[in-house]
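Trainee: Per our numbering, the sequence shown runs over residues -13 to 275.
We treat Cβ as the ideally placed atom computed from N, Cα and C, and that holds for glycine.
For clarity, every value in this text was computed on a predicted model and none was experimentally measured.
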Amino acid sequence: MTILNFGSVNIDYVYRVDHLVRPGETIASSDYQQFSGGKGFNQSIALARAGAAVSHAGRVGEEGVWLRAQLAAEGAGVEYLEVIDGPSGHALIQVDARGENAIILFGGANRTFTPDDATAILSHFGPGDWLLLQNEISAMPEILRLAGARGLRVVFNPAPMGVEVLDYPLDGVSIFVLNEVEGEAFTGASEPEAILAGMRRRFPAATVVLTLGAAGAIYDDGNQRIRVPAQKVEVVDTTAAGDTFIGYFLARLSAGDDPRSALEIATRAAAICVTRPGAAPSIPHRNEI
Ligand code: RIB
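1) Figure out for me which residue from Val219, Glu177 and Ala191 has the closest Cα to the Cα of Ile204.
2) Taking just the CA atoms, how far does Glu250 sit from Val3?
3) Starting from Ala34, trace the alpha helix (DSSP H) both ways and give me its first and last residue.
4) Contact defined as beta carbons within less than 8 Å: I believe Gln56 pairs with Gly233. What is the distance between those atoms, to the nearest angstrom?
5) Rounded C-beta distance between Thr225 and Asn87? I'm assuming under 8 Å.
6) For Ala216, count neighbouring C-beta atoms within 10 Å of its own C-beta (all shown protein chains included) and say buried if the count is 16 or more, exposed if not.
7) So, under 8 Å CB-CB, Val163 and Phe235 are touching, yes? Tell me the CB distance rounded to an integer number of Å.
8) Is the number of C-beta pairs between the stretch -7 to 8 and the stretch 65 to 83 that are closer than 8 Å three or more?
9) Give me, in chain order, the residues of the same chain whose beta-carbon lies closer than 6 Å to that of Tyr89; leave out the 5 immediate sequence neighbours on both sides.
10) Between which residues of its own chain and Glu68 is the CB-CB distance below 6 Å, once the five residues before and five after are set aside?
11) Measure the alpha-carbon distance for Ile269 versus Ala191 and round it to whole angstroms.
12) For the stretch -13 to -4 against the stretch 114 to 129, are there 3 or more C-beta pairs whose distance is under 8 Å?
13) Closer than 7 Å by C-beta to Pro113: which residues in its own chain qualify, once you throw out the five before and the five after it? Chain order, please.
14) Grab me the residues of Tyr154's own chain with a C-beta within less than 8 Å of its C-beta, minus the 5 sequence neighbours each way, in chain order.
15) So, using beta-carbon positions, are Ala265 and Asp(-2) closer together than 8 Å?
16) Since Arg211 is in the beta strand (DSSP E), which residue starts that stretch and which ends it?
17) Comparing the CB of Leu91 with every heavy atom of ligand 1, is any distance shorter than 7 Å?
18) Would DSSP call Glu150 helix, strand or coil?
19) Going by the beta-carbon positions, is the gap between Leu239 and Ala227 smaller than 8 Å?
20) Looking at the strands, I want to know which residues DSSP matches up with Ala75.
21) I'd like the span of the beta strand (DSSP E) that includes Asp206, first residue to last.
22) Does the distance from the CB of Phe189 to the CB of Leu152 come in under 8 Å?
23) Hey, how far is the Cα of Ala32 from the Cα of Ile13?
24) Nearest to Gly23 by CA position, among Glu65, Ala133 and Asp229, is which residue?
25) What is the rounded straight-line gap between the Cα of Phe21 and the Cα of Arg187?
26) What is the DSSP secondary structure of Asp17, counted as helix, strand or coil?
27) Between the alpha carbons of Glu168 and Ile70, how many angstroms are there, rounded?
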C-alpha cells in the first residue's frame, strides 16, 4: 500500500508584519525568510515524518531542485517529482503579530500538468493505494476521474478553495478534509453541524473531517461522529497547520489506527507546528508528538 500525494511544491517567501497589508497600503516587514512549502509538499513532509510510505508526484523548475532533495532526504519517494524548464511555484506569505497569515500563490511548475501526464503517473497505482490531493495543481478533474477508475482511495483537501472545485468529479472521494471556509463553499452553511449535514447530503458515502482551528476537529463517517479538542499553545505562525494535521491523520489512519487516535495525534502535531515559523520546517517529527 502506497500513499501517492499528487500536489504542489512551492518556495515560500515569508514576511513578518505587524498586520496584514490593507488595500492601498504599503508597510514594512520586520523579518523575511525563505522556506520550503506548498500544500502538497508540506503534506508529504508530514506523512514522511509521521512514518508513512509516501510518494510525491509534482514538478519544480531548476531553482526548486533543493525542494526535491529535501523531500528525498525525509524518506519520501520522488520518482514522480520532475524538474522542468520554467519557474517553480512560489508563495508570498505575510504573517502578522498574532501568527495569522495571508498568502498569494504563483502556480508555476505546479500548473503544467496535462491529462496525459496524470494518466502516465496514475498508471503506476491501483486498488489498495491512497491518493492525496489538494487544489494547487492543474488537471484536477482528470486526476480525480482516473483515480476513481483505477480504484484508488482518494483523500481530498479542497485548498485553496475556488469555484472550480464545485464542478470537480468528487463522487469517488473517500475522505474530505476541510475547514469551515471550504465547508461553507460546498454547503452554504457556516456552522459546523450544518456543514457536516450538508456534506453528508451531498456526498453520502464519504467521510468528512472538519478542522476548526483552535476549536479542534470533527470526524464524521456517517456511522460515528468524533470530536477532538485542539491543544492550547502559544501561536507563532499558523502556516502549514492544516497540512500537518492532514499528513499525520492520513499516516495514522492508513496504518490502521482508529479514527479517534489518528485525530488526536494529528491535532497534537498541528499544535506543535503553529509554535514555529515557516511551512515545511515547522512540521514536527514523530518523536516530538
Ligand atoms: O498551507 C500552507 C502552504 O500554502 C504554504 O506553504 C504555501 O506554499 C501555500 O501553498
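Mentor: Answer, in terms of the structure:
1) Translated into positions along the sequence shown, residue 204 becomes position 218. Of Val219, Glu177 and Ala191, the residue nearest in Cα terms is Glu177.
2) If you number the sequence shown from 1, residue 3 lands on position 17. If you number the sequence shown from 1, residue 250 lands on position 264. Answer to the nearest angstrom: the Cα atoms are 32 Å apart.
3) Taking the first residue of the sequence shown as 1, we reach residue 34 at position 48. Lys25 to Arg35 is the span of the alpha helix (DSSP H), which, as asked, contains Ala34.
4) Mapped onto the sequence shown, residue 56 falls at position 70. Mapped onto the sequence shown, residue 233 falls at position 247. At roughly 15 Å, the Cβ-Cβ gap does not stay under 8 Å, so Gln56 and Gly233 are not in contact.
5) In the sequence shown, counting from the first residue as 1, residue 225 sits at position 239. In the sequence shown, counting from the first residue as 1, residue 87 sits at position 101. Correct: roughly 5 Å between the Cβ atoms.
6) Working through the sequence shown from its first residue, we reach residue 216 at position 230. The residue in question, Ala216, is buried, as its Cβ has 16 or more Cβ neighbours within 10 Å.
7) By 1-based counting over the sequence shown, the position of residue 163 is 177. By 1-based counting over the sequence shown, the position of residue 235 is 249. About 7 Å separates the two Cβ atoms, so the contact holds.
8) yes
9) Residue mapping note: residue 89 aligns to position 103 of the sequence shown, counting from 1. Contrary to the premise, residue 89 reads as Ile rather than Tyr in this sequence. Contacts found: Ala77 and Ile79.
10) What you label residue 68 is simply residue 82 of the sequence shown in a count that begins at 1. Answer for Glu68: Arg45, listed in chain order.
11) By one-based count along the sequence shown, residue 269 stands at place 283. By one-based count along the sequence shown, residue 191 stands at place 205. Spanning the two alpha carbons is a distance of roughly 31 Å.
12) yes
13) Taking the first residue of the sequence shown as 1, we reach residue 113 at position 127. Cβ neighbours of Pro113 beyond the five flanking positions: Gly137.
14) Mapped onto the sequence shown, residue 154 falls at position 168. Result list for Tyr154: Met126, Pro127 and Leu130, in chain order.
15) Here residue 265 corresponds to residue number 279 of the sequence shown, with the count starting at 1. Here residue -2 corresponds to residue number 12 of the sequence shown, with the count starting at 1. Yes, they are a contact pair.
16) On the sequence shown, residue 211 is found 225 positions in, with the first residue counted as 1. That run of the beta strand (DSSP E) goes Arg211 to Val214.
17) Here residue 91 is taken as the residue at index 105 of the sequence shown, counted from 1. Flag set: Cβ of Leu91 near ligand 1.
18) Position 164 of the sequence shown holds residue 150. Note: Glu150 maps to helix in three-state DSSP.
19) Mapped onto the sequence shown, residue 239 falls at position 253. Mapped onto the sequence shown, residue 227 falls at position 241. Against a cut-off of 8 Å, the Cβ pair of Ala227 and Leu239 comes out as no contact.
20) Translated into the one-based positions of the sequence shown, residue 75 becomes position 89. In the sequence as displayed, the identity of residue 75 is Gly instead of Ala. DSSP lists Asn(-4) as partners of Gly75.
21) Translated into positions along the sequence shown, residue 206 becomes position 220. Element bounds for Asp206: Ala203 to Asp206.
22) In the sequence shown, counting from the first residue as 1, residue 189 sits at position 203. In the sequence shown, counting from the first residue as 1, residue 152 sits at position 166. Their beta carbons are not under 8 Å apart, which means Phe189 does not touch Leu152 by this criterion.
23) By 1-based counting over the sequence shown, the position of residue 32 is 46. By 1-based counting over the sequence shown, the position of residue 13 is 27. Rounded to whole angstroms, Ala32 to Ile13 spans 33 Å at the Cα level.
24) In the sequence shown, residue 23 corresponds to position 37, counting from 1. The residue with the shortest Cα to Cα distance from Gly23 is Asp229.
25) Counting from 1 along the sequence shown, the entry for residue 21 is found at position 35. Counting from 1 along the sequence shown, the entry for residue 187 is found at position 201. Spanning the two alpha carbons is a distance of roughly 40 Å.
26) If you number the sequence shown from 1, residue 17 lands on position 31. Three-state DSSP puts Asp17 in a strand.
27) Taking the first residue of the sequence shown as 1, we reach residue 168 at position 182. Taking the first residue of the sequence shown as 1, we reach residue 70 at position 84. Near 31 Å, if we compare the C-alpha coordinates of Ile70 and Glu168.
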